[in-house]
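Presented below is the structure to which this report refers.
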Amino acid sequence: MAKIAFNPVEATYKIIDGSPVVELYGKSSGKQVCVQFHGFEPYFWALGESEITDEKITKIEKHKKSFLGKEVEAKKVFVKIPADVPAVREKSDSLEADIPFARRFLIDRKITPLATYEADGAFVESDYKCEVFRAEKIGIVSEEISEQKVLAVDIETHTDFGKEIIPENDPIIMIALHGNNFRKVLTWKHFDNNLGYIEVVDSEVEMLERFRELVEEYKPDILTGYFSDGFDLPYLKARADKYRTNMKLGLDNSEIMLRKGNVPVAEITGIAHIDIFKFVKRMFRTAFTSFKLNDVAQELLGQGKAQVKLEELYASWNEEKGLEKFAEYNLTDAKLTYELCIKLWPNITELTKMIGVPPAEASRMSFSQLVEWYLIKEAHEFNELVPNRPDFSEERKRRVESYTGGYVYEPTPGLYKDIVVYDFRSLYPTIISAHNISPDRIILGKDSEDGVLKGISFGKEKGFISTVIDNVINRRLRIKEMAKGKEDKSLEARQQALKTVANSIYGYYGFFGARWYNLDCAKAITAYGRHHMQDVIEKAKTVGFNVIYGDTDSIMLALEGKHISAASKFVEGINKKLPGIMELEFEGLYKSGIFVATKGRETGAKKRYALMDEEGKMKVRGFETVRRNLSLIAKQTQQKALEMILQGKTSNEVAEFVKDVVKQLRSKQTETRMVVIKTQISRDIKSYANIPPHVAIAKRMQEQGKKVGPGTMVSYVVAEGKGVIRDRSKLPEEVAAGEYDAEYYVRNQVLPAVGKLMEVIGYNPEELLEERQQKKLETFFG
DNA sequence: GCTACTCGGGG
DNA sequence: GTGTACGAGTAGC
Numbered sequence: 017m018a019k020i021a022f023n024p025v026e027a028t029y030k031i032i033d034g035s036p037v038v039e040l041y042g043k044s045s046g047k048q049v050c051v052q053f054h055g056f057e058p059y060f061w062a063l064g065e066s067e068i069t070d071e072k073i074t075k076i077e078k079h080k081k082s083f084l085g086k087e088v089e090a091k092k093v094f095v096k097i098p099a100d101v102p103a104v105r106e107k108s109d110s111l112e113a114d115i116p117f118a119r120r121f122l123i124d125r126k127i128t129p130l131a132t133y134e135a136d137g138a139f140v141e142s143d144y145k146c147e148v149f150r151a152e153k154i155g156i157v158s159e160e161i162s163e164q165k166v167l168a169v170d171i172e173t174h175t176d177f178g179k180e181i182i183p184e185n186d187p188i189i190m191i192a193l194h195g196n197n198f199r200k201v202l203t204w205k206h207f208d209n210n211l212g213y214i215e216v217v218d219s220e221v222e223m224l225e226r227f228r229e230l231v232e233e234y235k236p237d238i239l240t241g242y243f244s245d246g247f248d249l250p251y252l253k254a255r256a257d258k259y260r261t262n263m264k265l266g267l268d269n270s271e272i273m274l275r276k277g278n279v280p281v282a283e284i285t286g287i288a289h290i291d292i293f294k295f296v297k298r299m300f301r302t303a304f305t306s307f308k309l310n311d312v313a314q315e316l317l318g319q320g321k322a323q324v325k326l327e328e329l330y331a332s333w334n335e336e337k338g339l340e341k342f343a344e345y346n347l348t349d350a351k352l353t354y355e356l357c358i359k360l361w362p363n364i365t366e367l368t369k370m371i372g373v374p375p376a377e378a379s380r381m382s383f384s385q386l387v388e389w390y391l392i393k394e395a396h397e398f399n400e401l402v403p404n405r406p407d408f409s410e411e412r413k414r415r416v417e418s419y420t421g422g423y424v425y426e427p428t429p430g431l432y433k434d435i436v437v438y439d440f441r442s443l444y445p446t447i448i449s450a451h452n453i454s455p456d457r458i459i460l461g462k463d464s465e466d467g468v469l470k471g472i473s474f475g476k477e478k479g480f481i482s483t484v485i486d487n488v489i490n491r492r493l494r495i496k497e498m499a500k501g502k503e504d505k506s507l508e509a510r511q512q513a514l515k516t517v518a519n520s521i522y523g524y525y526g527f528f529g530a531r532w533y534n535l536d537c538a539k540a541i542t543a544y545g546r547h548h549m550q551d552v553i554e555k556a557k558t559v560g561f562n563v564i565y566g567d568t569d570s571i572m573l574a575l576e577g578k579h580i581s582a583a584s585k586f587v588e589g590i591n592k593k594l595p596g597i598m599e600l601e602f603e604g605l606y607k608s609g610i611f612v613a614t615k616g617r618e619t620g621a622k623k624r625y626a627l628m629d630e631e632g633k634m635k636v637r638g639f640e641t642v643r644r645n646l647s648l649i650a651k652q653t654q655q656k657a658l659e660m661i662l663q664g665k666t667s668n669e670v671a672e673f674v675k676d677v678v679k680q681l682r683s684k685q686t687e688t689r690m691v692v693i694k695t696q697i698s699r700d701i702k703s704y705a706n707i708p709p710h711v712a713i714a715k716r717m718q719e720q721g722k723k724v725g726p727g728t729m730v731s732y733v734v735a736e737g738k739g740v741i742r743d744r745s746k747l748p749e750e751v752a753a754g755e756y757d758a759e760y761y762v763r764n765q766v767l768p769a770v771g772k773l774m775e776v777i778g779y780n781p782e783e784l785l786e787e788r789q790q791k792k793l794e795t796f797f798g
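Taking our numbering, the leading residue of the first sequence gets 17, the next gets one more, and so forth.
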């Protein structure tokens, strides 16, 4: 018998001689290994008294379990192979009959990917690309994780810029690889260069084969790319298919696997494929507005992509000229991707360890999935049975159910000075904990003791989910305590992971696809949230504060000459009376803020405001920010006007600025690029039932003999004329300078963008147009 | 207000 | 594969 220590990074299973064998791929003494485990039996749970018989059932055990607050006797029904489960589960009220086999193994054996385990057994013969170890026993050694070898991949294709990228037609012309002390750009045309990392082969197919070889030699544990689920890996596979060669990157010699669905996923057996774009997009969902590699890298790494004109690549390749800079560009993309993956790896690691699923999966999971898989893992620890997923009709029913959300205090439109903002720290998680909001503790028909909930209350004994969230919150507080004064990336990442899950549980209760879906819980949480908010607002007013705004968990007070310490003292008093771990905390102090009116009314718009801090940094919420189908002139005017107002410029100054923009538009001096609206064509032109402006443009482009299809970016300008917008839309090159419809841009773009701002500073937006009326009169009489 | 549609990331 | 999928914003009616 041999003993090895290893860190699993991937889990799957195979049927060998009619029995399932779990395979854990990972690292052992710096080398890739596949640890096989025989003898883990597939099973599911069945409720109810009735007898279940099926020839596929190998044995049935009886166990005492809890299920949604009830003690039940459940039958553990075993079958020979995982695929037997779907065939047998229909015969009873089954539970946990859809937990994938490899994941079931991880949960039951308490194996957390990336941690260190020891296996007893022996190496066996195989044709795999790594050694295969047959384990008799697997046990945890430590939670320590080993260093992972990361390889980033990026491809360039031969695509006419602006056209749809078609894998069947457009060859791959360069492939960049970037690892630790490893960089390479493969290509199949010779060109002069001083770059040491270029390797030239004779054809695309040779390049694909060389790529496969390089991956095999480098032996990465992690393969990463930017949007590689939807682009690089499927593309590599498609090109390999075309040449009837293979893209068998899997350690078990399997192909790249593409999961079809709404969201594409590419998988490689034994190597964790991380599409770092997906992870970034979830992690920074609210923090970033753009998720292009250049912007994300700029934000997280402080450096952007290599500056090239990508639209020149196509011709450059044809003419075999100027290719060096594109090779550099290609490598830079791979390098940035590599560095993003390295930088975010601690976060992926901590999420993996917390949720207990392999990194390739944890990195792609939505918030509700993270919560769900965490709860499934915990359920096993708590001897709880996992509820089933909703069926189609149940899901549809849930989709239309709605309920009251957070409390929003309606602001009085205006410009304010010296604003202090307080937040309830983790409002919903702390409510779940403090008020024991758990599906297994619901008591219907009884009001809560504090009088907040009517017709429902929650028992005193801690429930499953409220216990789980309690643990999560407490662990997070301990870690934050430990991390104090230190710069520990993994501690920071761990508290982030805990926060992510804690913050997602409320949304999970109300998510239509959730196993522990519970609208009563979701409603109770928001009811408590509204109660506590209203309570604070009322008390603030009582002691003489001017409450200007409040939304769900935050409240803004105008100091109006009061010292900030008066506000702190007030909040201290509030905190003493809040139940459990609930707490109101200081968020920030702002020197000015603007709140606008709702459309067509006098009342203050909710969720639409801008604040400016001492350093002049703006915090803009709810205004039209960066939407590409809004013209630049509208976006820029709004941004600038907001800035001026918050900096304390007079209403005359701001009005003059906007009037200037209007004047420029009307006097036809605005550059065409400022009035261009861009939209992409997504499908075949003929298949549109309705014709929006950009489709009308696309049709005309077709008539002119231009190739227009899915992927084409259509830019258009609304020109002067009669009828609906689509009849007046023209291609930017068709319009002469100043041919745009000034009135459209003034009234439909600029004015809506700044109108409400102008009202706040005492300007009737109509006044901004008056110049034209005068002009009209002049021309009439002139 | 509802429905149809687009977009994101990638070249 | 013992599974599975988005989510927000806009134009047109």
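Think of the CB as a built atom: it goes at the ideal place given N, C-alpha and C, for glycine as much as any other residue.
For Thr568, the closest C-alpha among the options Glu426, His54, Glu180 is that of Glu426. For secondary structure counted as the alpha helix (DSSP H) over 4 or more consecutive residues, the stretch 554–605 holds these complete runs in sequence order: 580–593.
For Val677, the uninterrupted alpha helix (DSSP H) run begins and ends at 667–682, by DSSP. Judged by beta-carbon spacing, Ala509 lies beyond the 8 Å limit of Pro374, meaning their Cβ atoms are not closer than that value. Judged by DSSP in its simplified three-state form, Trp333 adopts helix. Looking at the DSSP output, Cys50 sits in a beta bridge with Tyr41, Val148. Note: Tyr425 is bridge-paired with Gly566 in the DSSP secondary-structure output.
The count of Cβ pairs closer than 8 Å, one atom from the stretch 334–341 and one from the stretch 88–96, stays below three, leaving the stretches out of contact.
Taking C-beta separations shorter than 6 Å and ignoring five residues to either side along the sequence, the partners of Met598 in its chain run Thr446, Ala450, following chain order. Note that the stretch 540–552 does not touch the stretch 398–409; fewer than 3 beta-carbon pairs, one per stretch, sit closer than 8 Å. In the DSSP assignment, Ser520 falls within the unbroken alpha helix (DSSP H) covering 505–525. One Cα belongs to Ser608, the other to Ile435, and the distance between them is close to 7 Å.
Where Pro748 is concerned, there is no enclosing alpha helix (DSSP H), because DSSP gives it neither an H nor an E. Looking from the CA of Ala113, the closest CA among Pro98, Ile76, Lys675 belongs to Pro98. With contacts defined as CB atoms closer than 8 Å, Leu193 and Leu230 qualify as a contacting pair. The Cβ neighbour count for Asn534, taken over all protein chains shown within 10 Å, is at least 16; the residue is labelled buried. Distance from Val281 to Arg380 at the Cβ level is roughly 7 Å; contact confirmed, criterion being Cβ atoms closer than 8 Å. Note on the stretch 758–782: whole alpha helix (DSSP H) runs with a minimum of 4 residues are 767–776, in chain order. Cβ contact annotation for Gly754 (same chain, cutoff 6 Å, sequence separation greater than five): Lys684, in chain order.
Between Val25 and Ala395, the beta carbon gap of about 25 Å keeps them out of contact (Cβ cut-off 8 Å). Around the beta carbon of Asn23, a 10 Å sphere encloses 16 or more other beta carbons of the protein chains shown; the residue is thus reported as buried.
Here Arg492 is buried: its Cβ has 16 or more other Cβ atoms, across all protein chains shown, within 10 Å.
Within a 10 Å sphere around the beta-carbon of Asn452 sit 16 or more other beta-carbons, which makes this residue buried. Annotation: Phe121 to Leu367 spans about 19 Å, alpha carbon to alpha carbon.
Listed in chain order, the non-local C-beta contacts of Ala131 below 6 Å within the same chain comprise Glu159, local neighbours out to five positions each way being set aside. Taking C-alpha positions only, Glu271 is separated from Met17 by approximately 33 Å.
Taking a C-beta distance under 8 Å as the contact criterion, Glu67 and Gln52 do not qualify as a contact pair. At the C-beta level, Lys496 and Gln512 stay beyond 8 Å of one another. As summarised for the stretch 73–109, the continuous alpha helix (DSSP H) elements at least 4 residues long and confined to that stretch are 100–105, given in chain order.
Close CB contacts of Glu77 within its chain, under the 8 Å cut and outside five residues either way in sequence, are with Lys91, Lys92, Phe94 (chain order).
With respect to Thr516, Leu681 sits apart: the two C-beta atoms are not nearer than 8 Å.
Where Pro250 is concerned, the enclosing alpha helix (DSSP H) starts and stops at 248–258. Given a length threshold of 4 residues, each whole run of the alpha helix (DSSP H) inside the stretch 236–323 is given here in chain order: 248–258, 292–299, 309–317. Comparing alpha carbon positions, the residue from Lys47, Leu460, Ile171, Ala518 closest to Leu249 is Ile171.
Here the C-alpha atom of Lys30 lies approximately 10 Å from the C-alpha atom of Ala118. Taking Gly475 as reference, the option from Lys325, Val734, Leu111, Gly85 with the minimal CA-CA separation is Gly85.
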